[in-house]
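So the protein lines, in turn, are chains V and R. Residue numbers for the first sequence follow our numbering, beginning at 402 and rising by one. Residue numbers for the second sequence follow our numbering, beginning at 13 and rising by one. Note that CB positions come from ideal geometry on N, CA and C, so glycine has one too.
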Amino acid sequence: MTIKEEAKKEVIAICASHKDEPSPLMVILEEIQKKLGYIPLEVQEVVSKEMGIPVAEIYGVVTFYNFFSLTPKGKYVVGVCLGTACYVKNSQQIIDKFAQSLGIEIGGTTEDGLFTVDAVRCIGACALAPSVSINGRVYAKVTPTEVDKIIADLRKKEETANG
Amino acid sequence: MDKINSVEKLDKVIEDCSAAFSKKIRVGERTKDGKIAILVCGDTTCVANGSVDIQSELEKALKEYHLEDKVTVNHVGCFGLCSQGPFIKIFPDDTIYRTVKVGDVKRIIEEDIIGGKPVEDLLFVDPETGKKIQKQEDVNFYKKQKRIALHGCAVINPDYLEEALGYDGFKALKKVLTTMTPQQVIDEILASGLRGRGGASFPTGRKWQFAANVQSDQKYIVCNGDEGDPGAFMDRSILEGNPFNVIEGMMIGGYAFGASEGYFYVRAEYPVAVRRLKRAAEDLEKLGLLGDNILGTGFSFRVHVREGAGAFVCGEETALLASIEGKRGMPRPRPPFPAIKGLWGKPTCVNNVETLATVPYIIRIGAKEFAKIGTEGSKGTKVFALGGKVNNVGLVEVPMGTTLRTLIYDIGGGIPKGKKFKAIQTGGPSGGCLTEKDIDTPIDYDTLVAKGSMMGSGGAIVMDEDNCMVDVAHFYMDFICDESCGKCTDCRIGTKRLMEMLTKVTKGTATEQTLEDLKELSEIIKNGSLCALGQTAANPILSTMVNFPEEYEAHVKEHKCPAHVCKDLMKYVIDPNKCKKCSMCARNCPASCISGVPGKEPYVIDQSKCVKCGSCMASCRFGAISKE
Numbered sequence: 402m403t404i405k406e407e408a409k410k411e412v413i414a415i416c417a418s419h420k421d422e423p424s425p426l427m428v429i430l431e432e433i434q435k436k437l438g439y440i441p442l443e444v445q446e447v448v449s450k451e452m453g454i455p456v457a458e459i460y461g462v463v464t465f466y467n468f469f470s471l472t473p474k475g476k477y478v479v480g481v482c483l484g485t486a487c488y489v490k491n492s493q494q495i496i497d498k499f500a501q502s503l504g505i506e507i508g509g510t511t512e513d514g515l516f517t518v519d520a521v522r523c524i525g526a527c528a529l530a531p532s533v534s535i536n537g538r539v540y541a542k543v544t545p546t547e548v549d550k551i552i553a554d555l556r557k558k559e560e561t562a563n564g
Numbered sequence: 013m014d015k016i017n018s019v020e021k022l023d024k025v026i027e028d029c030s031a032a033f034s035k036k037i038r039v040g041e042r043t044k045d046g047k048i049a050i051l052v053c054g055d056t057t058c059v060a061n062g063s064v065d066i067q068s069e070l071e072k073a074l075k076e077y078h079l080e081d082k083v084t085v086n087h088v089g090c091f092g093l094c095s096q097g098p099f100i101k102i103f104p105d106d107t108i109y110r111t112v113k114v115g116d117v118k119r120i121i122e123e124d125i126i127g128g129k130p131v132e133d134l135l136f137v138d139p140e141t142g143k144k145i146q147k148q149e150d151v152n153f154y155k156k157q158k159r160i161a162l163h164g165c166a167v168i169n170p171d172y173l174e175e176a177l178g179y180d181g182f183k184a185l186k187k188v189l190t191t192m193t194p195q196q197v198i199d200e201i202l203a204s205g206l207r208g209r210g211g212a213s214f215p216t217g218r219k220w221q222f223a224a225n226v227q228s229d230q231k232y233i234v235c236n237g238d239e240g241d242p243g244a245f246m247d248r249s250i251l252e253g254n255p256f257n258v259i260e261g262m263m264i265g266g267y268a269f270g271a272s273e274g275y276f277y278v279r280a281e282y283p284v285a286v287r288r289l290k291r292a293a294e295d296l297e298k299l300g301l302l303g304d305n306i307l308g309t310g311f312s313f314r315v316h317v318r319e320g321a322g323a324f325v326c327g328e329e330t331a332l333l334a335s336i337e338g339k340r341g342m343p344r345p346r347p348p349f350p351a352i353k354g355l356w357g358k359p360t361c362v363n364n365v366e367t368l369a370t371v372p373y374i375i376r377i378g379a380k381e382f383a384k385i386g387t388e389g390s391k392g393t394k395v396f397a398l399g400g401k402v403n404n405v406g407l408v409e410v411p412m413g414t415t416l417r418t419l420i421y422d423i424g425g426g427i428p429k430g431k432k433f434k435a436i437q438t439g440g441p442s443g444g445c446l447t448e449k450d451i452d453t454p455i456d457y458d459t460l461v462a463k464g465s466m467m468g469s470g471g472a473i474v475m476d477e478d479n480c481m482v483d484v485a486h487f488y489m490d491f492i493c494d495e496s497c498g499k500c501t502d503c504r505i506g507t508k509r510l511m512e513m514l515t516k517v518t519k520g521t522a523t524e525q526t527l528e529d530l531k532e533l534s535e536i537i538k539n540g541s542l543c544a545l546g547q548t549a550a551n552p553i554l555s556t557m558v559n560f561p562e563e564y565e566a567h568v569k570e571h572k573c574p575a576h577v578c579k580d581l582m583k584y585v586i587d588p589n590k591c592k593k594c595s596m597c598a599r600n601c602p603a604s605c606i607s608g609v610p611g612k613e614p615y616v617i618d619q620s621k622c623v624k625c626g627s628c629m630a631s632c633r634f635g636a637i638s639k640e
């Protein structure tokens, strides 16, 4: 997979905007992750060239933090909270159900690129346990029976959007 | 607002803001001009429950009724009782509404704002007397609490500097800049007995003193907001509720030991906190309360906000500093301590969010008064994130020395559905569990350690009879395994082996030797790890083994999970006598392993195909399905 010229330009612009800051690598990678949704090796090479940091070092950082991803994520990232408060209220069942209903492993992405199921560590909404965060929207007190409905609603939304 | 470049100007601004703000949150009779203030909770939990929509609906309705000149609406930080949110508070009546929905807005406007009578069904209900409660302070949940670190949360609009300034904001900074020498500030914090709230409980004043004693052209103060303990959200709520207070605490620290740059390191999972913090810093800079020569006193200070990227180990101070420096967040050996050699090799103090949020209060009321709160060795208050199997899930700030019973029953409202209390996990993955026998222990740093757990950052997860303690230990081990940075061999490989052994226990394939091995390896990891993550990695196992040996034995010897949680040791069964043959379970089964004939034959689960997801039990309306 090759990245688009446009994306490359964006990466260069992001690097340029942080050039004067002390050790800005994390900030740069965070912005790239938010903008492109992932940080493939190709992009890391661009960052390396722009910032004069060895690719090995950048790769080390990218693979260390959960927030950074080497592969593209689905359009909807289903983050099932596996924090303690959610876990003691059976969030494992919820994430298993999502993975099963979508036919993917936890951490995987559906073939149509629509859904990724991730385990997240505590989104701090413990009163809503078990909670699920999908693209920033928090679903409260999710039950296994609601999972299929959540997926169906999002699919429907996509279909309507695509006419 | 004009630039605040002198002490006199600050005095004037504080005076004006205080007058305006105290008028806004005045409690008493409504005045003739009909001014009313509505506060809506804007904390993450309430937002997820629709509080933003409620706020915009309120604003829309006020326009419809032509009340927008008289009634103000704004969001505030966390009210604490998150499980009953979203909250709305109305001044001057001092009425608090809970579990408000968008559909209630019209009634609130018509009955309360216009009619002058509270909307009865949105009020709190006293669980004992059944009476309605109108005022926040009369609700049991709030009675035994004292808000110091949470000062201003649920009171001020965290996006308005004017409100912070009108509610004690920057009084402490002014006091230190105009009347105290840096050493006096350190002495004051030392005398207050304040200890770090992030988990290590090191005296804050001593840390500052170390950094003050080092000569350097540049020093840094870093605020640790990488709240990684799953199930803890104190720091998030403090930052979301009153970011100004934390910045003020940081500036006071900077003044005390000579740092002119401050870094906030906040988890990327807390976007609202990051946004509000950045905005607060920008506003302060615009007014000249951050920058060069603050208030003309010669003190200069700047704030930077950095986001974490999802690594629990970055809560460890040396790992956190490595992360700010753009490296893998791996801890390094200490000494040298960061106070001597920290960020970019310069003297650096790393303080927790809650610690810094407590500092302005100490300066305002004085160390002596502060030291009256709490216990002999632990002064002040502690914020806990109370979660799990407890009725009132939320954020609680109590004086040190409060008992677990008060925390769980008086404040927490007890265990839901009349279930039996089993344990409370404090200190997160590094801590341990406390049981019924410890319930009257006053909680402070030292008693918790003596009881085999720790304060940690303040996560407090309650578990009831339905939780399997082996499974809980397994959960924490899975977490630690995932989050071990990999630097120390014992932690990297040892936690993996512990995890495999625990998995055997939960599958019923372990032997008594496995339990012995677990203990032995736990000791090895403890001794062979560089940082607290590794040193405490085995705590959840050791603590549950000590407190619940019978549960481990049941898994190993009888191949049973007494709480029916471990999937390999439990099954779902349908009671044919209770089954109404409605087919609901079969229709909800994702594995299609339930068969029967609607209306004729009771349903039966094919155990060989069952994935144990629990969908059937959740869908059965007749309680015919149980776990065995």
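Can you find the residues in the same chain that come closer than 6 Å, C-beta to C-beta, to residue i, ignoring five residues on each side of it along the sequence?
i         : result
Val151(R) : Phe136, Ile145
Asp8(R)   : In the structure as shown, chain R begins at 13 and stops at 640. Residue 8(R) is therefore absent and cannot be evaluated.
Gly464(R) : Gly444, Ser555
Compare the Cα-Cα distances from residue i to each of the options and report the closest residue.
i         : options                                    : result
Gln525(R) : Asn551(R), Glu565(R), Gly546(R), His486(R) : Glu565(R)
Ala323(R) : Val25(R), Val59(R), Pro343(R)              : Pro343(R)
Glu431(V) : Lys450(V), Thr464(V), Pro455(V), Glu407(V) : Thr464(V)
Ala397(R) : Ile420(R), Arg314(R), Val83(R)             : Ile420(R)
Ala212(R) : Asn257(R), Tyr109(R), Gln230(R), Gly327(R) : Gly327(R)
Ala321(R) : Ile377(R), Gly308(R), Ile306(R), Gly338(R) : Gly338(R)
Ala544(R) : Lys394(R), Met262(R), Asp502(R), Ser204(R) : Asp502(R)
Lys431(R) : Asp458(R), Gly400(R), Thr459(R)            : Gly400(R)
Ile495(V) : Met452(V), Ser534(V), Pro423(V)            : Ser534(V)
Val462(V) : His78(R), Arg504(R), Arg340(R)             : Arg340(R)
Leu554(R) : Lys572(R), Asp587(R), Leu514(R), Ser541(R) : Leu514(R)
Roughly how many angstroms separate the alpha carbons of residue i and residue j, rounded to a whole number?
i         : j         : result
Ser631(R) : Lys592(R) : 13 Å
Gly480(V) : Cys487(V) : 12 Å
Lys156(R) : Pro359(R) : 40 Å
Glu551(R) : Pro614(R) : Correcting the residue identity first, residue 551(R) is Asn in this sequence and not Glu. Each residue's Cα considered, the two are about 47 Å apart.
Gln67(R)  : Phe91(R)  : 16 Å
Ala575(R) : Ile492(R) : 24 Å
Glu260(R) : Cys578(R) : 48 Å
Thr141(R) : Ile423(R) : 16 Å
Lys624(R) : Arg599(R) : 15 Å
Met596(R) : Glu69(R)  : 38 Å
Val114(R) : Gly506(R) : 51 Å
Gly265(R) : Gly386(R) : 23 Å
Asp247(R) : Asp618(R) : 47 Å
Note down, in chain order, every chain V residue with its Cβ under 8 Å from the Cβ of residue i.
i         : result
Lys431(R) : By Cβ distance, chain V contributes nothing, its closest Cβ being about 12 Å from Lys431(R), past 8 Å.
Please list the partners that residue i has in chain R, where partner means a Cβ-to-Cβ separation under 8 Å.
i         : result
Asp497(V) : Val623, Cys625
Gln501(V) : Pro602, Val623, Cys625
For a contact meaning CB atoms closer than 9 Å, what does residue i contact in chain V?
i         : result
Phe487(R) : Leu483, Thr485, Tyr488, Val489, Gln493
Glu337(R) : Pro423, Ser424, Leu426, Met427
Ala397(R) : Ala486, Gly525, Cys527
Which bits of chain R does residue i rub up against, with CB to CB less than 7 Å?
i         : result
Tyr466(V) : Ala321, Gly322, Ala323
Pro423(V) : Trp356
So, at 8 Å on beta carbons, what are the nonlocal neighbours of residue i in its own chain, with the 5 sequence-adjacent residues on each side left out?
i         : result
Ala541(V) : Ala526, Leu529, Ser532
Gly626(R) : Tyr584
Determine the chain R residues that contact residue i at a beta-carbon separation under 9 Å, and present them in chain order.
i         : result
Phe469(V) : Ala321, Gly322
Arg556(V) : Residues of chain R passing the Cβ test: none, with the nearest at roughly 17 Å.
For the ligand NAD, is there a heavy atom less than 7 Å away from the beta-carbon of residue i?
i         : result
Val114(R) : Of the ligands one can find in the structure shown there are none, so the ligand NAD has no counterpart to examine.
Starting from the C-beta of residue i, find all residues in its chain whose C-beta is less than 7 Å away, skip the five residues before and the five after it, and write them out in chain order.
i         : result
Lys639(R) : His576, Met582, Tyr584
Please list the partners that residue i has in chain V, where partner means a Cβ-to-Cβ separation under 7 Å.
i         : result
Met475(R) : Val489
Q: Write down every uninterrupted run of the beta strand (DSSP E) in the segment 69-145 of chain R whose length is 3 residues or greater and which is fully enclosed by it, in chain order.
A: As summarised for the segment 69-145 of chain R, the continuous beta strand (DSSP E) elements at least 3 residues long and confined to that stretch are 83-88, 100-103, 107-109, given in chain order.
Q) What residue ranges within the segment 540-583 of chain R form continuous alpha helix (DSSP H) runs of no fewer than 4 residues, ordered along the chain? A) You should have 544-547, 551-559, 561-569.
**Q.** Ranges of the beta strand (DSSP E) found wholly within the segment 509-545 of chain V, counting only runs of at least 3
**A.** Taking 3 residues as the minimum length, the beta strand (DSSP E) runs contained wholly in the segment 509-545 of chain V are 516-521, 533-535, 538-540, in order along the chain.
Q.
To test your reading of the DSSP string, which unbroken alpha helix (DSSP H) runs of 4 or more residues are found completely within the segment 404-473 of chain R?
A. The segment 404-473 of chain R contains, as complete alpha helix (DSSP H) runs of 4+ residues, the segments 457-462 (chain order).
Q: Identify every run of the beta strand (DSSP E) within the segment 265-294 of chain R, keeping only runs that are complete inside it and at least 3 residues long; order them along the chain.
A: Listed in chain order, the complete beta strand (DSSP E) runs (minimum 3 residues) inside the segment 265-294 of chain R are 273-278.
Q: At 4 residues or longer, and completely inside the segment 216-259 of chain R: list those alpha helix (DSSP H) runs for me, N to C.
A: Runs of the alpha helix (DSSP H) inside the segment 216-259 of chain R: 216-225, 246-253.
Q | Length at least 4, wholly inside the segment 429-489 of chain V: the alpha helix (DSSP H) runs in chain order | A | As far as the segment 429-489 of chain V is concerned, its whole alpha helix (DSSP H) runs of at least 4 residues are 442-452, 456-465, 485-488.
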